[in-house]
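In the numbering used here, the protein residues as written are -13 to 85. All C-beta atoms, glycine included, are put in the ideal place defined by N, C-alpha and C. Let me begin by presenting the structure, written as structure tokens, before commenting on it.
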């Protein structure tokens, strides 16, 4: 079951990402809560997107608040990022959200 408080916070952060970097080049997935597309580049419409970022809600919260660095999250496996446009480190620095 999805916690409504966590869901609201995930959606707040994903909305901030999509506002800061509109587009459809990268799919950001926070299972089981939500997913968005953001970032400039080619639009993805079917099948597995070429640029995917996936993490759990806790990693998303720590990343958005600055408590987890992009590099650390990727190296420990907390953040799974694939594709040439999947490095969202600069984008997460733009949207700092307090936890």
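Only residues of its own chain outside the window of five on either side were considered, and among them none has a CB closer than 6 Å to the CB of residue -6. In terms of Cβ geometry, residue -1 and residue 65 do not form a close pair [threshold 7 Å]. Taking C-beta separations shorter than 8 Å and ignoring five residues to either side along the sequence, the partners of residue -8 in its chain run 19 and 43, following chain order. A distance of 7 Å or more separates the beta carbons of residue 22 and residue 46. Here residue 81 carries a coil assignment [DSSP, helix/strand/coil]. Around the beta carbon of residue -12, fewer than 16 other beta carbons lie within 10 angstroms, which makes this residue exposed.
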